[in-house]
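Note sheet for the following structure.
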Amino acid sequence: MSTPDYGRVFAALRDGCPVEWQAYTSHAFVEGLRDGSLPQAAFQHYLIQDYVFLVHFSRAWSLGVIKAETREEMQVCAATVNALINHEMALHVKTCAALGIDEAALFAAREEVANLAYTRYVMDAGLQGDFLDLIAALAPCCFGYGEIGHRLAGAAAPDTPYAEWIATYAGADYQDVMSSVGEMFDAAVIRRLGPDFRASPRWEKLQARFTTATELEVGFWDMGLDGA
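In case it helps, numbering that gives the first Met the number 0 puts the sequence shown at residues 0 to 227.
Right under this line is the structure:
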């Protein structure tokens, strides 16, 4: 199955760390979602930590509104915050409620070290750097989940208990948001670095941001498995 098109910049960054990207998008946790073999305890542990992650991730995207230089950049960042808070987090609340975990318990959950490392890295990228630093650090999570959802939708076992999770990230709502983010990211990079952006002195730093965030995604899946 072909991968979804989220733009030139993302494709270049993904191609710049093929080993790390493969480790992330084909992690044992992901394959467990696909074939249904992931232990329920691991999924529950992941959901709780991912809810906490999304709180900080939403704040980081809000920082994008501050760092933006165009109205279009502000619009996409604001729309992404809305999608995260009102749609993606809602899935976690619904799923965890079925497991007997209410939203208050989710919000008060203790944040694990892998979660702290990832969320604070992203926030630091935005606070220390500019708009491109921030989006490069945010990109692996956004686009990676889109790729994973797209792939698993066509490959998942029909009886996997994680079909709703897969459908969320494979669905048109999430994919449309990612397409908008990809278009914005392309325009933002070209506006600042020019059409031959990989020749810019900035590119190596942006690649490092993206690669590190991808490695932290691998650590997040590891944390989920450890919860089993």
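We put the beta carbon where it would ideally sit given N, CA and C, even for glycine. Keep in mind the model is a prediction, meaning the values are calculated, not measured.
Classification of residue i by the beta-carbon crowding that lies within 10 angstroms, buried from 16 upward
| i | result |
| --- | --- |
| Gly143 | buried |
| Ile65 | exposed |
| Val217 | buried |
| Arg150 | buried |
| Glu19 | buried |
| Gln127 | exposed |
| Thr211 | buried |
| Asp172 | exposed |
| Asn85 | exposed |
Cα-Cα separation between residue i and residue j, rounded to whole angstroms
| i | j | result |
| --- | --- | --- |
| Val75 | Tyr50 | 22 Å |
| Ser25 | Glu110 | 25 Å |
| Cys140 | Thr213 | 8 Å |
| Met73 | Leu32 | 34 Å |
| Gly145 | Ala152 | 11 Å |
| Leu53 | Ile134 | 15 Å |
| Ala207 | Leu12 | 9 Å |
| Gly193 | Gln21 | 29 Å |
Segment limits, alpha helix (DSSP H) that includes residue i
| i | result |
| --- | --- |
| Arg208 | 202-225 |
| Ala78 | 70-82 |
| Gly63 | 39-66 |
| Pro236 | Nothing can be reported for residue 236: it is not among the residues displayed for the chain, which extend from 0 to 227. |
| Asp101 | It is not in any alpha helix (DSSP H) - Asp101 carries neither H nor E in the DSSP assignment. |
| Asp14 | 7-14 |
Next item on the list: At 4 residues or longer, and completely inside the region 103-170: list those alpha helix (DSSP H) runs for me, N to C.
Entry: 112-127, 130-152, 162-169
Next item on the list: Determine contact between the region 96-113 and the region 39-47, defined as no fewer than three beta-carbon pairs at a distance below 8 Å.
Entry: yes
Notebook entry, point to check: Is the region 109-127 touching the region 71-88 in the sense that three or more CB pairs, one from each, lie closer than 8 Å?
Noted result: no
Note to self: Using a Cβ distance threshold of 8 Å, determine whether the region 85-93 contacts the region 162-178, with at least three qualifying pairs required.
What the structure shows: yes
Check: Does the region 174-187 come close enough to the region 6-19 that 3 or more CB-CB pairs lie under 8 Å?
Finding: yes
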